[in-house]
Amino acid sequence: MRARKPRLISSDRSPDFEHEAGQKSSADTAVEDAVRLIMRHIGEDPEREGLKLTPGRVRHALEFLTRGYRDDPKVAINGAVFSEEEYQEIILCKDLDFYSLCEHHLLPFFGKAHLAYLPNRRIIGLSKLARLVEIYARRLQVQERLTTQIAHTLMEELEPLGVGVVLEAEHLCMRMRGVEKQNCYVTTSAMLGVFRTHFETRQEFMNLLRNGKP
Numbered sequence: 342m343r344a345r346k347p348r349l350i351s352s353d354r355s356p357d358f359e360h361e362a363g364q365k366s367s368a369d370t371a372v373e374d375a376v377r378l379i380m381r382h383i384g385e386d387p388e389r390e391g392l393k394l395t396p397g398r399v400r401h402a403l404e405f406l407t408r409g410y411r412d413d414p415k416v417a418i419n420g421a422v423f424s425e426e427e428y429q430e431i432i433l434c435k436d437l438d439f440y441s442l443c444e445h446h447l448l449p450f451f452g453k454a455h456l457a458y459l460p461n462r463r464i465i466g467l468s469k470l471a472r473l474v475e476i477y478a479r480r481l482q483v484q485e486r487l488t489t490q491i492a493h494t495l496m497e498e499l500e501p502l503g504v505g506v507v508l509e510a511e512h513l514c515m516r517m518r519g520v521e522k523q524n525c526y527v528t529t530s531a532m533l534g535v536f537r538t539h540f541e542t543r544q545e546f547m548n549l550l551r552n553g554k555p
């Protein structure tokens with residue numbers, strides 16, 4: 342008896358697949374046609390064996406890498422805000438990995454995010470801090486705006502005494518093209534509330550960031 346071939350089904354968890362279940366929309370087809378146009382422009386043949394499925398893969402990869410547009414960060418964190426009147430010290434979540442796409446060249450930049458806030462009777466579930474970073478990072482971004490979006494959303498939704506956000510990132514648009522500087526790291530920060538107005542609070546935040554680092 343002849344063995345049946347396994348059926349490959351698309352999944353949001355695995356966007357890089359060979360075949361799709363169901364029909365593509367006209368928008369899907371247009372995006373894939375645009376990818377083929379780019380491939381021809383750079384001198385490739387999109388119909389050769391190794392590239393036939395590339396337009397679909399690129400479309401799914403872009404949908405995955407920009408999925409933050411389909412999420413509302415305020416909705417994502419509002420279900421995990423709790424009253425905690427007793428705790429009045431800095432809460433810091435360090436070394437949150439993030440990956441984003443530079444809006445100027447559509448090349449990746451990636452690194453670590455460090456988020457801190459001084460609560461004012463309200464705290465947030467720690468996993469939601471990572472979720473907030475993920476939602477804003479999975480869009481076309483510049484690091485400066487990404488930093489301030491995270492900080493302002495925390496300030497608006499938690500109403501804490503202050504917020505501090507620091508991002509450290511490597512940018513492939515500086516390493517693979519242009520100036521081609523291989524050892525450049527970019528650091529950005531946003532300080533709101535007492536993190537901006539009180540030197541001692543800001544200094545405590547920076548000391549906590551350095552803790553455990555040479």
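Numbering (this note's numbering), first residue to last: 342 to 555.
Backbone N, C-alpha and C fix where the C-beta goes; we use that ideal spot for every residue, glycine too.
Contact under 8 angstroms by Cβ, residue i with residue j
i	j	result
Gly-503	Gly-534	yes
Ala-454	Ala-492	no
Gly-452	Glu-511	yes
Arg-463	Leu-499	yes
Thr-528	Glu-509	yes
Thr-407	Arg-479	yes
Pro-460	Gln-490	no
Leu-448	Met-547	no
Leu-433	Leu-549	yes
Opening and closing residue of the alpha helix (DSSP H) in which residue i lies
i	result
Lys-469	467 to 478
His-401	395 to 406
His-445	Note, His-445: premise wrong, no alpha helix (DSSP H); not H, not E.
Met-515	513 to 516
Asn-548	540 to 551
Arg-411	Unbroken run through Arg-411: none, as it is neither H nor E.
Glu-500	Run containing Glu-500: none; DSSP gives neither H nor E here.
Residue closest to residue i, alpha-carbon to alpha-carbon, out of the options
i	options	result
Asp-412	Ile-476, Thr-529 and Ala-492	Ile-476
Val-483	Cys-514, Glu-497 and Arg-543	Cys-514
Tyr-458	Lys-469, Gly-505, Lys-435 and Asp-369	Gly-505
Phe-423	Lys-469, Leu-549, His-539 and Gln-490	Lys-469
Ala-471	Gln-364, Gly-409 and Arg-551	Gly-409
Glu-497	Leu-481, Pro-414 and Cys-434	Pro-414
Leu-392	Lys-365, Phe-405 and Asp-374	Asp-374
Leu-473	Glu-545, Asn-548 and Asp-438	Asp-438
Tyr-526	Leu-433, Phe-450 and Glu-545	Phe-450
Pro-501	Asp-369, Ile-431 and Lys-365	Ile-431
Phe-405	Tyr-440, Glu-385 and Leu-394	Tyr-440
Arg-584	Val-507, Ser-367, Glu-485 and Leu-394	Past the boundaries of the shown model lies residue 584; the chain is included only from 342 to 555, so the question cannot be answered.
Range covered by the beta strand (DSSP E) that runs through residue i
i	result
Pro-383	The question names Pro, but residue 383 is Ile in the sequence shown. Taken as a continuous stretch (DSSP letters only), Ile-383 belongs to no beta strand (DSSP E), as it is neither H nor E.
Cys-525	Cys-525 -> no beta strand (DSSP E), and no H or E assigned at all.
Pro-387	Neither: Pro-387 is in no beta strand (DSSP E) and is coded neither H nor E.
Val-416	Unbroken run through Val-416 is the alpha helix (DSSP H), 414 to 419; no beta strand (DSSP E).
Ile-422	For the sequence presented, residue 422 should be read as Val rather than Ile. Unbroken beta strand (DSSP E) run through Val-422: 422 to 424.
According to DSSP, residues forming a beta bridge with residue i
i	result
Met-532	Gly-505
Cys-434	Leu-456
Phe-439	Gly-452
Ala-510	Gly-452 and Val-527
Gln-482	Cys-443
Ile-464	Phe-423
For the segment 417 to 429 and the segment 437 to 449, state whether three or more C-beta atom pairs, one from each stretch, are separated by less than 8 angstroms. no
Can you find at least 3 beta carbon pairs, one from the segment 370 to 379 and one from the segment 395 to 405, that sit closer than 8 angstroms? yes
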